[in-house]
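Residue numbers (our numbering): 802 to 1013.
From the three backbone atoms N, C-alpha and C, an ideal C-beta is built for every residue, glycine too.
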Ligand SMILES: C[S@@+](CC[C@H](N)C(=O)[O-])C[C@H]1O[C@@H](n2cnc3c(N)ncnc32)[C@H](O)[C@@H]1O
């Protein structure tokens, strides 16, 4: 009984600490002011400040897009009349000039659906900020995100235009070497970039690569 009470106390402490950090976070405050749905929006803004890709991205695919912060940024920073599609296994509130499919990226019909939406045209920019549900075990989380990125690579191998850009979140860990080897077959200029808005204590970083 005593042990259960202690565990509950610890859990409350942890969640209070999370709430404190969340509400005092500079990017959470900023996202409320700027009308973005996620603090992650600033990660994409900062990746774009470094790599400057939005100005020539007319066809954009955002995989794992909920709640829609990256879609809002894409809509704002891409040229007028760009075609933007977000996909997520959970729903989002609609965003003007942005389309959305509620699907798992591992669904069998995902290729067909993307192909129909972009009318067979190749895509300029593919984004993935997807993360698996965290288990708390860094090794397991790393391996699970690797399998997500492998699927993202299959999608980008098929749909990304020549010189099109892929940006994908990864949690650093041991299995990266093989993934990079796989990427090198179809992508060039592969770089890691950790935007300022990504918490320093998180092992998350972003892979940025160009289609050959
Ligand atoms: C960190 S959130 C993305 C936040 C988003 N970039 C934004 O700024 O609003 C990661 C998303 O990936 C989605 N996701 C994870 N695995 C997925 C899968 N297999 N298929 C589709 N969506 C997935 C989750 O549902 C979650 O909404």
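Give the range of the beta strand (DSSP E) segment to which residue i is assigned.
i, result
"residue 902", "900-903"
"residue 965", "961-972"
"residue 887", "884-889"
"residue 929", "924-929"
"residue 863", "860-864"
Cβ of residue i versus every heavy atom of ligand 1: is any distance shorter than 7 Å?
i, result
"residue 931", "yes"
"residue 854", "no"
"residue 907", "yes"
"residue 955", "no"
"residue 839", "yes"
"residue 865", "yes"
"residue 826", "no"
"residue 875", "no"
"residue 927", "no"
"residue 842", "yes"
"residue 975", "no"
"residue 869", "yes"
"residue 891", "yes"
"residue 888", "yes"
"residue 946", "no"
"residue 949", "yes"
What does DSSP give as the partner residues of residue i in its beta bridges?
i, result
"residue 1007", "970 and 994"
"residue 909", "Its beta-bridge partners do not exist; DSSP assigns none."
"residue 878", "Looking at the DSSP assignment, residue 878 forms no beta bridge with any residue, so it has no partner."
"residue 1014", "Outside the shown range of the chain (802 to 1013) lies residue 1014, about which nothing can therefore be said."
Assuming residue i is part of the alpha helix (DSSP H), what are its boundary residues?
i, result
"residue 979", "977-985"
"residue 842", "842-852"
"residue 828", "827-835"
Note to self: Using a Cβ distance threshold of 8 Å, determine whether the segment 956-971 contacts the segment 1002-1009, with at least three qualifying pairs required.
What the structure shows: Cβ pair count under 8 Å is three or more, so yes.
Notebook entry, point to check: Within the chosen definition, does the segment 973-987 reach the segment 922-937 through at least 3 CB pairs nearer than 8 Å?
Noted result: No contact exists between the segment 973-987 and the segment 922-937.
Next item on the list: Kindly confirm or deny that the segment 959-967 and the segment 893-907 touch, where touching means at least three C-beta pairs closer than 8 Å.
Entry: Contact between the segment 959-967 and the segment 893-907 is absent, because fewer than three Cβ pairs lie under 8 Å.
Note to self: Quick check: the segment 975-989 against the segment 826-846, are at least 3 beta-carbon pairs closer than 8 Å?
What the structure shows: By the Cβ test, the segment 826-846 is not in contact with the segment 975-989, since fewer than three Cβ pairs between them sit closer than 8 Å.
Next item on the list: For the segment 823-841 and the segment 866-876, state whether three or more C-beta atom pairs, one from each stretch, are separated by less than 8 Å.
Entry: Of all C-beta pairs linking the segment 823-841 to the segment 866-876, three or more are shorter than 8 Å, placing the two stretches in contact.
Check: Does the segment 905-924 touch the segment 880-893, meaning 3 or more C-beta pairs lie closer than 8 Å?
Finding: By the Cβ criterion, the segment 880-893 is in contact with the segment 905-924, since at least three pairs of Cβ atoms, one from each stretch, lie closer than 8 Å.
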